[in-house]
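Numbering (mature numbering (1 follows the signal peptide of the UniProt record, and there is no 0)), first residue to last: -18 to -1, 1 to 408. C-beta: ideal position from N, C-alpha, C; glycine also. Taking it in order: structure first as structure tokens, then the write-up.
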Amino acid sequence: MQLPLLTLLSVVLAFCAAEKPQTKRYTALTPPLPLTQGEVTNTFHHLPIPKGPIAVYRFEAEVVERDANGHIVPVPTYDAYLHHHVFGSTHKQYDAMKSRWAPMKPANFSRSVAFGAGTECRGTPQEFYFPYAFMTVEGEDEWVANVHVINTRKMAAEQAHRCLECPCTSEDVFTADSVNGMHFRENGCNAQLLFEENTVCSAETYHGGLRCCEDAEFCLEQDDLEVTEASNATYFLRYSLEYADIVPENRPLYLAACCDASGSLEHMGNIEYDVPVCDPDTHPGCVHTLSTRQRLDNGSIPLYTYHQHAPEPAREVELVYAVGHQHRGGLGIQLYDDATGDLLCASVPTYGSGDEAGNEDGYVISMSTCTFDPPRRMLTTDIPFLPKRPALLQSSLQALLWRLQVIVGYCWDLALWLELLCAHSQ
């Protein structure tokens, strides 16, 4: 049996005040997401937001549906598995940023707004203290969201957990160097993964993950699914913003060009990797560790259709907020300061213990967050370093250096990235 684990660390860095303006709240739904059992939706939606310019201080999202009375109600994760959502902008103001890479940024985004998460989003709103905020521009009245949901309603628990790994099925098309038309880039995986011959690094050995979890696909062989009226569903992603008019004291947050734990200093990475089956002789305690290093500004490295850029000059930014993202199986993420070795943030998951929405047994329902007040100043050329240290089970990251440790008594498909939001220091 395989268990999925998607891990990311979302780190917000920025510009630094006056009293916070009174905020307003805006809530809306995506278009309907109709799914049969085992079906995947992985599409882009143009979603309205309050007309800009505005400063956004809080963002939250969750999967919902209409009950028999037409009321909007939360959906338990064991019915609708939110693999991820990523919000961005295609406004012309950001055209110059279109070819620059950022974590999980699709090629059609000009700017990743950087609100992104998975199952933990219901219990982990992204919130920033004044004067830091995401700021929109004149005429910006919509964002684009990539929403990835898998319908596991009426599945047995073991079948659902297998489904969430997106195993490849007979409907997936393989060639010598691609899966479903998505090619494997040379050196897409870092040196450690290549040395370990990780199965996710080539089409020849690929057996599951994002490439086999495209829109309208099924997470299992269709003969193994029981499509009934009871297992069909129509979901929505409900998203909410707390915002105010922009004031002179505001400090804008933006997404930095970093980080992917399967990447390196020279390569952005493969987004995902497979945690090998546990071998107690080589991994005492059944802990697998993946380490990598990346600069805060890795935007000079091309990814997919993105173009090569000259590295940007070193500049000072401010670390404001950090939060980890992972799927079931991990015990947390740590962020270290390269210069001092100090632990900056330990973002750990809370697992559910019930059957109600927001407390689903065995699923990650929230991640602890770290807020830096005053913010932590760093250079974009910093290459964080993580000393090896014993841990029972944890994913460890340092602002551009990832170290991930997860139990490998089973085999996980692991997709991970580090999301950094920054702005120039004053």
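**OP:** Please work out which residues of its chain come closer than 6 angstroms, Cβ to Cβ, to Cys195, disregarding the five sequence neighbours upstream and downstream, and give them in chain order.
**Re:** The residue labelled residue 195 in the question sits at position 213 within the sequence shown. Within the same chain, Cys195 has close Cβ partners Val22 and Cys148.
Original post:
How many whole angstroms separate the CB atoms of Gly100 and His143, which I take to be in contact at a CB cut-off of 8 angstroms?
Top reply: By one-based count along the sequence shown, residue 100 stands at place 118. By one-based count along the sequence shown, residue 143 stands at place 161. Not a contact, Cβ separation roughly 14 angstroms.
Subject >> Identified DSSP bridge partners for Lys6 >> reply: Position 24 of the sequence shown, counted from the first residue, corresponds to residue 6. Lys6 is bridged by DSSP to Tyr225.
Original post:
How close, in whole Å, do the beta carbons of Ala50 and Asn133 come, if the pair is a contact with beta carbons under 8 angstroms?
Top reply: The residue given as residue 50 occupies position 68 in the sequence shown. The residue given as residue 133 occupies position 151 in the sequence shown. At roughly 19 angstroms, the Cβ-Cβ gap does not stay under 8 angstroms, so Ala50 and Asn133 are not in contact.
Subject >> Contact under 8 angstroms by Cβ, Thr351 with Thr106 >> reply: Residue mapping note: residue 351 aligns to position 369 of the sequence shown, counting from 1. Residue mapping note: residue 106 aligns to position 124 of the sequence shown, counting from 1. Yes, they are a contact pair.
**OP:** Go ahead and label Leu326 buried or exposed: buried means 16 or more other beta carbons lie within 10 angstroms of its beta carbon, across all protein chains shown.
**Re:** Start at 1 with the first residue of the sequence shown, and residue 326 comes out as number 344. Looking at its Cβ environment, which holds 16 or more other Cβ atoms inside 10 Å, Leu326 is buried.
Original post:
Should Ile347 and Gly334 be called a contact, given that it needs their Cβ atoms to be closer than 8 angstroms?
Top reply: Here residue 347 corresponds to residue number 365 of the sequence shown, with the count starting at 1. Here residue 334 corresponds to residue number 352 of the sequence shown, with the count starting at 1. Result yes, Cβ atoms of Ile347 and Gly334 sit closer than 8 angstroms.
Subject >> Candidates Glu186, Thr151 and Arg193, of which the one nearest Met164 by Cα >> reply: For the purposes of this step, residue 164 is taken as residue 182 along the sequence shown, with counting starting at 1. For Met164, the nearest C-alpha among the options comes from Arg193.
Original post:
Less than 8 angstroms separating the beta-carbons of residue 464 and Pro30?
Top reply: Past the edges of the chain, shown from -18 to 408, lies residue 464, and the structure says nothing about it.
Subject >> Short Cβ contact (8 angstroms threshold) for Ser222 with Glu42 >> reply: Residue 222 sits at position 240 when you count from the first residue of the sequence shown. Residue 42 sits at position 60 when you count from the first residue of the sequence shown. Yes; because the gap between Cβ atoms is below 8 angstroms, this pair is in contact.
**OP:** Drop a sphere of 10 angstroms on the beta-carbon of Pro155, count the other beta-carbons inside from all chains shown, and report buried for 16 or more, exposed for fewer.
**Re:** In the sequence shown, counting from the first residue as 1, residue 155 sits at position 173. The question names Pro, but residue 155 is Val in the sequence shown. Val155 comes out exposed.
Subject >> Nearest-angstrom Cα separation, counted from Phe112 out to Glu1 >> reply: Within the sequence shown, residue 1 is the residue found at index 19, counting from 1. Within the sequence shown, residue 112 is the residue found at index 130, counting from 1. Rounded to whole angstroms, Glu1 to Phe112 spans 8 angstroms at the Cα level.
Original post:
Is DSSP giving Gln276 helix, strand or coil here?
Top reply: Taking the sequence shown and counting its residues from 1, one reaches residue 276 at position 294. Gln276 falls in the coil class under three-state DSSP.
**OP:** Label Ala138 either buried or exposed according to how many other C-beta atoms from any shown protein chain fall within 10 Å of its C-beta, with 16 as the threshold for buried.
**Re:** Residue 138 sits at position 156 when you count from the first residue of the sequence shown. The residue is exposed, with fewer than 16 neighbouring Cβ atoms inside 10 Å.
Original post:
Nearest to Arg277 by alpha carbon, out of Gly340, Met250, Asp263 and Thr271?
Top reply: Residue numbering aside, residue 277 sits at position 295 when the sequence shown is read from its first letter. Out of Gly340, Met250, Asp263 and Thr271, Met250 has the C-alpha closest to the C-alpha of Arg277.
**OP:** Buried or exposed for Leu219, please, with buried defined as at least 16 other CB atoms from any protein chain shown within 10 angstroms of its CB.
**Re:** The residue you call residue 219 lines up with position 237 of the sequence shown. Buried, by the Cβ-count rule.
Original post:
What's the gap between the Cα of Asp227 and the Cα of Val259?
Top reply: Counting from one through the sequence shown, the residue named residue 227 turns up at place 245. Counting from one through the sequence shown, the residue named residue 259 turns up at place 277. Rounded to the nearest angstrom, the two C-alpha atoms are 52 angstroms apart.
Subject >> Classification of Val182 by the beta-carbon crowding that lies within 10 angstroms, buried from 16 upward >> reply: Indexing the sequence shown from 1 puts residue 182 at position 200. When all chains shown are included, Val182 counts as buried.
Subject >> Three-state secondary structure assigned by DSSP to Glu120 >> reply: Locating residue 120 in the sequence shown gives position 138, counting from the first residue. Glu120: coil per DSSP, three-state reduction.
Original post:
Run through DSSP, which three-state label would Ala139 get?
Top reply: Residue mapping note: residue 139 aligns to position 157 of the sequence shown, counting from 1. Of the three classes helix, strand and coil, the one that applies to Ala139 here is helix, per DSSP.
**OP:** Using three-state DSSP, classify Gln316 as helix, strand or coil.
**Re:** For the purposes of this step, residue 316 is taken as residue 334 along the sequence shown, with counting starting at 1. Here Gln316 sits in strand by DSSP.
**OP:** Would you tell me roughly how many angstroms separate the C-alpha atoms of Ala10 and Val46, rounded to the nearest one?
**Re:** If you number the sequence shown from 1, residue 10 lands on position 28. If you number the sequence shown from 1, residue 46 lands on position 64. Each residue's alpha carbon lies about 11 angstroms from the other.
**OP:** Report yes if the CB atom of Leu64 is closer than 8 angstroms to the CB atom of Ala215, and no otherwise.
**Re:** As a working mapping, residue 64 is identified with position 82 in the sequence shown. As a working mapping, residue 215 is identified with position 233 in the sequence shown. In this structure, Ala215 does not lie closer than 8 angstroms to Leu64 by Cβ.
Subject >> Residue closest to Glu224, alpha-carbon to alpha-carbon, out of Pro357, Gly52, Gly344 and Gln108 >> reply: The count along the sequence shown starts at 1 and reaches residue 224 at position 242. Ranked by Cα distance from Glu224, the options Pro357, Gly52, Gly344 and Gln108 are led by Gln108.
Original post:
Should Phe69 go down as buried or exposed, given a rule of 16 or more other Cβ atoms within 10 Å for buried?
Top reply: Your numbering for residue 69 matches position 87 in the sequence shown. Counting Cβ neighbours within 10 Å, Phe69 comes out buried, since at least 16 surround it.
Original post:
Exposed or buried, which one is Glu102 when buried takes at least 16 other CB atoms within 10 Å?
Top reply: Locating residue 102 in the sequence shown gives position 120, where the first residue counts as 1. Flag for Glu102 reads buried.
Subject >> Assigned exposure category for His307 - 16 Cβ within 10 Å defines buried >> reply: For the purposes of this step, residue 307 is identified with residue 325 of the sequence shown, where counting begins at 1. Answer is buried; the Cβ neighbour count reaches 16.
Subject >> Whole-angstrom distance between Gln75 and Asp355, CA atom to CA atom >> reply: Taking the first residue of the sequence shown as 1, we reach residue 355 at position 373. Taking the first residue of the sequence shown as 1, we reach residue 75 at position 93. So the two alpha carbons sit approximately 30 angstroms from each other.
Subject >> Cβ-based burial, Pro14 [other Cβ within 10 Å; buried from 16] >> reply: Walking along the sequence shown from the start, residue 14 turns up at place 32. Exposed, because fewer than 16 other Cβ atoms sit within 10 Å of the Cβ of Pro14.
**OP:** Specify, as a first and last residue, the run of the beta strand (DSSP E) that Leu175 falls within.
**Re:** As a first step, residue 175 is located in the sequence shown; it is residue number 193 there, counting from the start. Run containing Leu175: none in the beta strand (DSSP E); it sits in the alpha helix (DSSP H), Ala173 to Phe177.
Subject >> Gly311 versus Thr332, Glu298 and Cys201, residue with shortest Cα-Cα distance >> reply: Walking along the sequence shown from the start, residue 311 turns up at place 329. Out of Thr332, Glu298 and Cys201, Thr332 has the C-alpha closest to the C-alpha of Gly311.
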